[in-house]
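Q:
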Amino acid sequence: MDFSALFDNFGQLTATGFTQGAIYALVALGYTLVYGVLRLINFAHSEVFVTGTFAAILTLRLVGVGADEAVPSVAIVIAVILAAMVAAMAASGATALVVERIAYRPLRKRNAPPLVFLISAIGASIAISEAFGVFYSRDNVPVGNLIEPSTQFELFGASITNQMILVVVAAFGVMILLDTIINRTRLGRGIRAVAMDPDAAALMGVNKDRVIAWTFVLGGLMAGVAAVLYNLQFGVTKFNAGFLLGLKAFTAAVLGGIGNLRGALLGGLLLGLVENWGQAVIGSQWRDVIAFVFLILVLMFRPTGLLGESLGRARA
11 MDFSALFDNF
21 GQLTATGFTQ
31 GAIYALVALG
41 YTLVYGVLRL
51 INFAHSEVFV
61 TGTFAAILTL
71 RLVGVGADEA
81 VPSVAIVIAV
91 ILAAMVAAMA
101 ASGATALVVE
111 RIAYRPLRKR
121 NAPPLVFLIS
131 AIGASIAISE
141 AFGVFYSRDN
151 VPVGNLIEPS
161 TQFELFGASI
171 TNQMILVVVA
181 AFGVMILLDT
191 IINRTRLGRG
201 IRAVAMDPDA
211 AALMGVNKDR
221 VIAWTFVLGG
231 LMAGVAAVLY
241 NLQFGVTKFN
251 AGFLLGLKAF
261 TAAVLGGIGN
271 LRGALLGGLL
281 LGLVENWGQA
291 VIGSQWRDVI
301 AFVFLILVLM
311 FRPTGLLGES
321 LGRARA
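The sequence shown runs 11 to 326 under this note's numbering.
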């Protein structure tokens with residue numbers, strides 16, 4: 011163990027972990043939304059995320075941003091990122107809706123046991139992932155030279171780049187927007203009502219099927235934003251890029267208290283930080299082990315997660 015590496019680079023490791031944790035948190039929101047309403051895990055959500063990464067890259071290619079192109083001007087970069095984000099959100103939201111219609115709704119109408127939903131979601135996940143592998147590529151797909159990383163300022167010895175600022179600001183902005191939607195809008199009241207008591211909500215005139223569909227779509231939109239930020243941060247995607255990231259996002263959701271939006275945020279940030287701190291001490295090859303061991307340790311003492319509040323009881 012090399013604790014000196016942690017102490018010497020603590021600021022930079024924290025900044026990097028915070029940035030990665032923000033991406034985990036965005037993807038975790040999709041898991042926690044669906045679980046909060048249906049008490050089911052949507053294991054196809056990782057492929058909803060992957061769909062967004064490829065939709066964003068396709069958009070970049072259509073507007074002329076390739077892996078070998080020069081970095082465009084600031085105005086063009088902003089316009090291209092916005093276009094890529096709209097495309098990724100639309101693709102991920104549509105994919106999430108299709109998953110709900112095909113893999114979930116027919117089973118709900120037949121009152122299928124939870125295990126069947128799990129198998130259906132895993133089947134949808136593998137089908138989507140393999141479809142990208144067959145029709146696109148099984149190799150790494152570069153995003154393109156969209157942003158040239160440059161240090162904007164230093165904070166506690168950490169170099170804060172323009173990419174880090176963009177990822178964190180965008181992630182937090184979208185998460186605040188989602189929290190406002192859930193707690194301040196009519197749709198949000200419907201989601202919380204169905205999460206609390208679906209039968210009572212139906213008696214009060216809430217359309218359960220519509221609310222559940224919108225829940226999947228909202229999770230998909232968050233995954234679309236995460237997809238663009240992931241592309242910017244890592245510069246590459248792959249047909250199975252969502253597998254490990256999806257597991258970590260699910261870990262973040264459980265860590266914070268699955269079914270709790272703010273818990274997903276807390277869990278994602280903590281997971282990103284612990285990963286980066288831990289790999290500095292015992293080596294980068296242990297990075298993924300650290301994430302899941304940390305989850306086990308937390309759940310041993312806090313089985314409901316750090317916040318442990320369901321979506322149905324959430325308040326602004």
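In this text, a Cβ means the ideal position worked out from N, Cα and C, and glycines have one as well. As the structure is a prediction and not an experimental result, all values here were calculated from the model.
(1) Between the stretch 139-156 and the stretch 244-252, are three or more C-beta pairs nearer than 8 Å?
(2) Check each candidate in Gly21, Leu254, Leu43 and name the one with the smallest Cα separation from Val221.
(3) Note down the Cα distance separating Gly315 from Gly215, rounded to an integer number of angstroms.
(4) Which whole-angstrom value is the C-beta distance of Leu317 and Gly256, which I expect to be below 8 Å?
(5) The alpha helix (DSSP H) with Leu125 in it runs from where to where?
(6) With a threshold of 7 Å on Cβ separation, who are the neighbours of Phe142 within its own chain once the five nearest residues in sequence on each side are excluded?
(7) State the Cα-Cα distance for the pair Pro123 and Thr161, rounded to the nearest angstrom.
(8) For Val271 versus Asp189, is the C-beta distance shorter than 7 Å?
(9) Which same chain residues, not among the five before or five after Asn286, have their C-beta less than 6 Å away from its C-beta?
(10) If we ignore side chains and look at the alpha-carbon of each, how far apart do Arg297 and Gly288 end up?
(11) Quick one: any contact between the stretch 107-121 and the stretch 31-38, if contact means 3 or more CB pairs under 8 Å?
(12) To the nearest angstrom, report how far apart Ser294 and Phe304 are at their CA atoms.
(13) Confirm, please, whether the CB-CB distance from Val238 to Ala66 is below 7 Å.
(14) For the candidate residues Arg202, Asp12, Phe302, Leu231, whose alpha-carbon lies nearest to that of Gly269?
(15) How about Val58 and Ala98: are their beta carbons less than 7 Å apart?
(16) DSSP state of Glu57, grouped into three classes?
(17) What is the DSSP secondary structure of Val151, reduced to helix, strand or coil?
(18) Taking just the CA atoms, how far does Leu50 sit from Ser56?
(19) If I follow the unbroken beta strand (DSSP E) through Ser2, where does it start and stop?
(20) Can you round the beta-carbon distance between Ala290 and Ala15 to whole angstroms, since I take them to be within the 8 Å contact cut?
(21) Compare the beta carbon distance of Ser102 and Gly230 with 7 Å and say whether it is the shorter of the two.
(22) Report the residue from Ala54, Ala168, Gly183 whose alpha carbon sits nearest the alpha carbon of Phe17.
(23) Beta-carbon within less than 7 Å of Thr261's beta-carbon, same chain only, minus the 5 sequence neighbours each way: which residues are those?
(24) Residues in the same chain with beta-carbon distance under 7 Å from Asn172, minus the five sequence neighbours each way, listed in chain order, please.
(25) Taking the C-alpha atoms as reference points, what is the distance between Ala85 and Ser130?
(26) Could you check whether Tyr34 and Ala259 sit closer than 7 Å to each other, using their CB atoms as the reference points?
A: In terms of the structure at hand:
(1) Taking 8 Å as the limit for Cβ pairs, the verdict is that the stretch 244-252 does touch the stretch 139-156.
(2) A check of alpha carbon separations from Val221 across Gly21, Leu254, Leu43 identifies Leu43 as the nearest.
(3) Between Gly315 and Gly215, the alpha-carbon positions lie close to 33 Å from each other.
(4) That belief does not hold up - the Cβ atoms of Leu317 and Gly256 are roughly 21 Å apart, past 8 Å.
(5) For Leu125, the uninterrupted alpha helix (DSSP H) segment begins and ends at 124-145.
(6) Excluding sequence positions up to five before and after Phe142, its CB lies within less than 7 Å of the CB of Val60, Phe64, Phe249, all in the same chain and listed in chain order.
(7) Between the alpha carbons of Pro123 and Thr161 lies a distance of about 52 Å.
(8) In the sequence under discussion, the amino acid at residue 271 is Leu, which differs from the Val named in the question. In this structure, Asp189 lies closer than 7 Å to Leu271 by Cβ.
(9) The answer, listed in chain order, is Leu23, Thr26, Gly27.
(10) The alpha-carbon atoms of Arg297 and Gly288 are separated by roughly 7 Å.
(11) Segments in contact, no.
(12) Straight-line Cα distance between these residues: approximately 15 Å.
(13) Contact: yes.
(14) Of Arg202, Asp12, Phe302, Leu231, the residue nearest in Cα terms is Arg202.
(15) Not a contact, by the Cβ cut-off of 7 Å.
(16) Glu57: helix per DSSP, three-state reduction.
(17) Three-state DSSP puts Val151 in a strand.
(18) Roughly 15 Å between the two C-alpha positions.
(19) In the structure as shown, the chain begins at 11 and stops at 326. Residue 2 is therefore absent and cannot be evaluated.
(20) Between Ala15 and Ala290 the Cβ distance is about 5 Å, and since that is below 8 Å, they are a contact.
(21) Yes, these two residues count as a Cβ contact at 7 Å.
(22) Closest option to Phe17, Cα to Cα, is Ala168.
(23) The answer, listed in chain order, is Leu281, Ala301, Phe302, Leu305.
(24) The residues Ile157, Pro159, Ser160, Gln162, in chain order, have a CB closer than 7 Å to that of Asn172 in the same chain once the five nearest residues on each side in sequence are set aside.
(25) When rounded, the separation of the alpha-carbon atoms in Ala85 and Ser130 is 44 Å.
(26) For the pair Ala259 and Tyr34, the CB atoms are nearer than the 7 Å cut-off.
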